[in-house]
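Numbered by mature numbering (1 follows the signal peptide of the UniProt record, and there is no 0), the letters in the sequence shown go through residues -23 to -1, 1 to 48 in order. For glycine and all other residues, C-beta sits at the position ideal for the given N, C-alpha and C. Note that the structure is a prediction, hence the values are computed from the model and not measured. Let me begin by presenting the structure, written as structure tokens, before commenting on it.
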Amino acid sequence: MKRVYAICLAIVCSFSCIQPVFAQENISQIEPRSDVIDWRYKMENGKLYKRLYNFTKEQWIGDWIYVGNVN
């Protein structure tokens, strides 16, 4: 009898510690915290230029900067 009682107690204790996890929880939208900025390059008459571009705002930043000649 004690053995049956101990087994029942162990089963009740093990199931009482489990917390349900829902797979369909509401997930909030991802919000960018900073702008995505990268260099854009162009070639003109064998000369290489670069300029920063803000992809988040779709705007150019600054002026074209001469990098060097391309062979």
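Take the alpha-carbon of residue 44 and the one of residue 26: they are about 5 Å apart.
By the CB criterion at 8 Å, residue 30 and residue 38 fall inside the cutoff. Secondary-structure assignment with DSSP links residue 34 through no beta bridge to anything. Counting along the chain, no beta strand (DSSP E) covers residue 7, and no H or E run does either. Residue -8 and residue 14 have their alpha carbons spaced roughly 51 Å apart.
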